[in-house]
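Asks:
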Amino acid sequence: MFKTATAAAALLGVTLMFSPMSAAAQATLTPERVFADPDLSGPKAVGAKLSPDGTLLTFLKPKLSNATVQDLWAVDVKGGEPYVLVDADSLSSAGKELSEAEKARRERMRVSARGVVAYDWDSSSKSILVPLDGDIYIVDRATKKITRATQTEGDEVDAKLNPKGGQVAYVRDQTLYVQDLATGKEIAVSPKGEGVISYGVAEFISQEELGRYTGYWWSPDGSKIVYAKVDETPVDIVERFEISGTGAKIIDQRYPKAGRPNAIVSLFVHDMKTGTDTPLDLGANTDIYLARVNWAADGQSIYVQRLSRNQQTLDLLKYSATGGAAQTVLSETSDTWVELHNDLRLLKDGGFIWSSERDGNNHLYLYDKAGKLVRQVTHGDFPVAKVAALDEAKGEVWFEASYKTPIEMGLYKVAYTKAAEPVALTKDGGWWATDVAGNGKAFIGTYSDPATPSQTALYDSTGKRVRWIEENAYTDKHPYFAYKDSYSAPEFGTMKAADGETLHWLMLKPKGFDPAKKYPVIVSIYGGPARQDVKRAWVSPANRLFQEAGYIVFVLDNRGTPNRSVKFQRAIYKSFGGADIDDQIAGGKWLQTLPYVKADKIGMMGWSQGGFVTLMALTAKDTPFVAGAAGAPPTEWGLYDTAYTERYMSMPQANAENYAKYDVVNRLDNLKPNSLLLMHGMADDNVILQNTTRVIDGLQKKSIPFELMLFPGERHGVRGNAKNLFRYRLYLDFFARKLKDSE
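Using the numbering used here, the letters of the sequence shown correspond one by one to residues 770 to 1512.
1. Determine the direct distance from the alpha carbon of residue 811 to that of residue 1244, and round the result to whole angstroms.
2. Check whether the region 1006-1020 touches the region 1038-1057, taking contact to mean three or more Cβ pairs, one atom from each stretch, closer than 8 Å.
3. Please tell me whether residue 1106 and residue 1333 are closer than 8 Å, where the distance is taken between their beta carbons.
4. Within the same chain, show all residues whose beta-carbon is closer than 7 Å to that of residue 908, passing over the 5 residues directly before and after it, in chain order.
5. When the Cα atoms are used, what is the spatial distance from residue 808 to residue 887?
6. With H, G and I counted as helix, E and B as strand and the rest as coil, what does DSSP make of residue 886?
7. According to the Cβ coordinates, are residue 819 and residue 1206 closer than 8 Å?
8. Measure the alpha-carbon distance for residue 1130 versus residue 1255 and round it to whole angstroms.
9. In chain order, which beta strand (DSSP E) runs of at least 3 residues are fully inside the region 1132-1183?
10. In the DSSP assignment, find the beta strand (DSSP E) that holds residue 1368 and state where it starts and stops.
11. When the Cβ atoms of the region 1412-1427 are set against those of the region 1078-1086, are three or more pairs found closer than 8 Å?
12. With a threshold of 16 other CB atoms inside 10 Å of the CB of residue 1185, please say whether the residue is buried or exposed.
13. Suppose the cutoff is 8 Å on Cβ atoms and the five residues either side in sequence are ignored; what does the same chain contact list for residue 1497 look like?
14. So residue 1223 and residue 1307 are in contact, right, with Cβ under 8 Å, and what is the actual spacing, rounded?
15. Starting from residue 952, follow the beta strand (DSSP E) in both directions and report where the run begins and ends.
16. Using the Cβ count rule (16 or more neighbours within 10 Å means buried), how would you classify residue 1389?
17. Report the three-state DSSP secondary structure of residue 1080 (helix, strand or coil).
18. Between 1319, 1303, 1289 and 1301, which has its C-alpha nearest residue 1279's C-alpha?
19. Can you name, in chain order, every residue of its own chain whose Cβ lies under 6 Å from the Cβ of residue 1252, other than the five neighbours on each side?
20. Where does residue 1387 fall in DSSP's three states?
21. Give me the residue from 969, 1430, 964 and 968 with the minimum Cα distance to residue 1022.
22. If you follow the alpha helix (DSSP H) that residue 1359 is in, where does it begin and where does it stop?
23. Within a Cβ cutoff of 7 Å, which residues of the same chain sit near residue 1159, ignoring the five residues on either side of it in sequence?
24. So for residue 958, helix, strand or coil by DSSP?
25. Taking all protein chains shown into account, decide if residue 1467 is buried (16 or more other Cβ within 10 angstroms of its Cβ) or exposed.
26. Could you tell me whether any Cβ in chain C is nearer than 8 Å to the Cβ of residue 1203?
27. Decide if residue 1383 is buried, meaning its Cβ has at least 16 other Cβ atoms within 10 Å, or exposed.
28. What number of angstroms, rounded off, separates the C-alpha of residue 1227 from the C-alpha of residue 848?
29. When the distance is taken between beta carbons, is residue 1372 closer than 8 Å to residue 1325?
30. Would you mind stating whether residue 1147 and residue 1183 have Cβ atoms separated by less than 8 Å?
31. Buried or exposed: residue 893, going by 16 or more other Cβ atoms within 10 Å of its Cβ?
32. Do residue 1004 and residue 1025 have their C-beta atoms closer together than 8 Å?
33. Rounded to a whole number of angstroms, what is the C-alpha to C-alpha distance between residue 1507 and residue 1000?
34. Should the region 1284-1301 be regarded as contacting the region 1090-1104, the criterion being three or more beta carbon pairs within less than 8 Å?
35. Three-state secondary structure (DSSP) at residue 804?
36. Can you tell me which residues form a DSSP beta bridge with residue 1397?
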C-alpha cells in the first residue's frame, strides 16, 4: 500500500495542502450555533418559479427567526427588491394538527418545513394557488389580496389549478373534488373514498419509492381529469406504536413488506362536462406499479408507464382520451431493474424524447409517433441526470448531467434532430440544480461549491445571469463568514474498488491540521441508490463540527450509489451488504495506511441506508471500524417495503439466502462490545421501529453491550434545531469516548 500521504495522493490524482491556518483567523464553531437561527449556510430560495408571462419570480424562503417555517416571496424580473407575498404566520398556526394522510404525504416527500411548502401559478399569471396546513388560499397578484378557498374539517391535499383557470382540484378524505373558484361550488369528481379505497392519491409505495406523489392529472384544456383508484385491501396491516413525549397510540398502517401484496391501482378518465368516468385498462395482471401518467399536448391521448412487479419491464402505453384498448408504444427491459425517470417529453408531431440505460449509461433517445427509434441523442461515458426542458422551435433538449466528472452537475442543451455535441449553459466547478422556464427561454439556477454557499438566480437562454433571486453573498455579513478560515476545504480523490471501478471520495481535515500528527477518522455514510454524497458542493456546517473536534471526516461513494454507469449501480443487485460494504471496508483500510491517521481509531456514522451500512461495516470480519453510530437502520430487508427492496434484492422467496446473509442480526457475533450507538425515531412509519428492536433483542441475548437513543415523536428523520442539537452532541460525546485517546 502507500508509504506516505503524498505518494497516495499522487496515485489518486489529488494535491494535499499542508499549510496550517493562522490561529488568529480561526473562530470556534459550536453545536449550539450550528443548530440555531439564522441558518449558518445563509438564506436560501426554495421552489423558485417564473410566472407564465415571464415577468415575476416567486420563491419560498425560510424565516430568519425560524428556518422551519417558510413564506412565499416575489421579485420583479426587471429589478427591485424581493418582497413577502404570503407571510405564513398570518395564515398558519404552529399548533395546527395535520391529518395523518397529510403528515404521511409530507414524510414521503421529505418536506420538513411548515408554513408555505408548495404553490402554483395559474395560467394567466394573475393569481397563485397556495395550499397551507390543509386549506387552500388564492393570492391575487395585482392586489396581493389573499382569499381562502376552503375551510373544512378535513385537510385538502395535493391541490392543482385547472390549466385553463377558474377551478381547483384537491383530495379530501380520500375523495377527489373540484371547486369553482368564482362561486365556491364544490363537486366530487370521483366516488366517495373510505376505508381501504382512495381516489386521486398516490399509494404509499408510489410516494415512497417510485417518485410519484399524485394520483390525478388534469388534461391540458382542463376538460378532463385522469384519476387513480387505490384499493389497499390486499396490503398487510402493520400494527406499530407511535410514541411521543406525552403518550402513545397504536397505528394500524397498511405497509407492503417485501414479498407481500401491494395495493391494486386502476385508472379512470373523468369528463368534466358530462360527469362520466371511462376506465383505462392496465391489463389483466393487477400486480403491477402505475409509474407515470402524461397527457399529450393536444389532450387527445394519455401516456401511462406501467412497471412490472419485478421492475424488469417498463411499458409505455398510449390510450385515447375517450377510452379503448391501450397501444404498447415501447418496452424497456433489464435483467436487474429498469430505472424510472421523468424524462418523457411528447412532441407535437406525436414523437417523443425518452431516456434509457440500454448503452450502459442513462442517455436520451428520439422516437417517432409510431414508437420507432429515430436516433440516440446523447452519447458518452456519463449518465443524463434528467431532462430539464424541450425547445421544439429550435429542436433542442435541455438536460442536467455530470458531463465531465461525477462530482459536478451542470445544465446542457443539445440538438435532438441531428447529431451534435452538448453545449454547457452553466459554469463548471460545482453543483447546479435548475428549473427551466418557457421551454428554454430562461432558467432558474441554484449553484454551490465548497467555497460558495447556495445561490439562486434567473438566467437567460444562453446562461447569462439576468438577476439574483437569492444571492446569499459570501461577505463579512454572511452567517458563516466568521468561520471561513477556520476549517479547510474538502479534498477530493479516487480509489479503485475490487473490480477496478473508480470510487470517488472527499476528506475534511481537522482544524489546525498538522501532517506530522495522527488523527482519528469518522466516515460519514449514506451509501445507497437514493443519494450521492461526494460532490463539489457547499459543506454542511454540521460536518464542520467534527473538524472542530479534531477528526478527519471521510466520505466514499460506494458501488450502488447513483449518477454513475449501469455497471457501477447494478453491482449491488440481490446483495445489499456485498459490494457496497466491501468498498467501505476497502476505504477504511486505505485510511489506515495514511501517515496522519490513527489506524485503530476509525469510526462510521449514517442514517437510514447509512445506518444499515454502518451496522454491516461494524459486523464485517476484520473490519477497520472500531465504533459506529447507526440511525433508523433497515436491519432485515424482509421488513422493508416492496418496491425498494425487491428492486435491489429481488423477492425474498427468490433470494432467501442473501436476505439471511445480509440480515444484521445474523452477524452480531462479529460486533465488538461497546462499539455501537443505535438510534431510531419512535414514530417511524418508513423504517419501522422493529428494525431496531430486533437488534436490541439480539444484542441483549448475546450480552453484547451497546448504547441506545430513541427519539419520541420522530418519524424517519429527526426534525428541528433542538433535537438535532441533542443528536450531534450525542455523536460528539460517543466518538470522543470511542475514538479519542483517554487522558
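In this text, a Cβ means the ideal position worked out from N, Cα and C, and glycines have one as well.
Replies: In brief:
1. 11 Å
2. no
3. no
4. 854, 855, 896, 897, 899 and 915
5. 21 Å
6. coil
7. yes
8. 40 Å
9. 1132-1136, 1142-1145, 1153-1160 and 1165-1170
10. 1366-1376
11. yes
12. buried
13. 800, 803, 804, 1311 and 1314
14. 6 Å
15. Taken as a continuous stretch (DSSP letters only), residue 952 belongs to no beta strand (DSSP E), as it is neither H nor E.
16. buried
17. coil
18. 1319
19. 796 and 798
20. helix
21. 964
22. 1348-1362
23. 1114, 1122, 1166 and 1208
24. coil
25. buried
26. Within the model displayed, chain C is absent; a lone protein chain is all it includes.
27. buried
28. 12 Å
29. no
30. yes
31. exposed
32. yes
33. 50 Å
34. no
35. coil
36. 1373 and 1445
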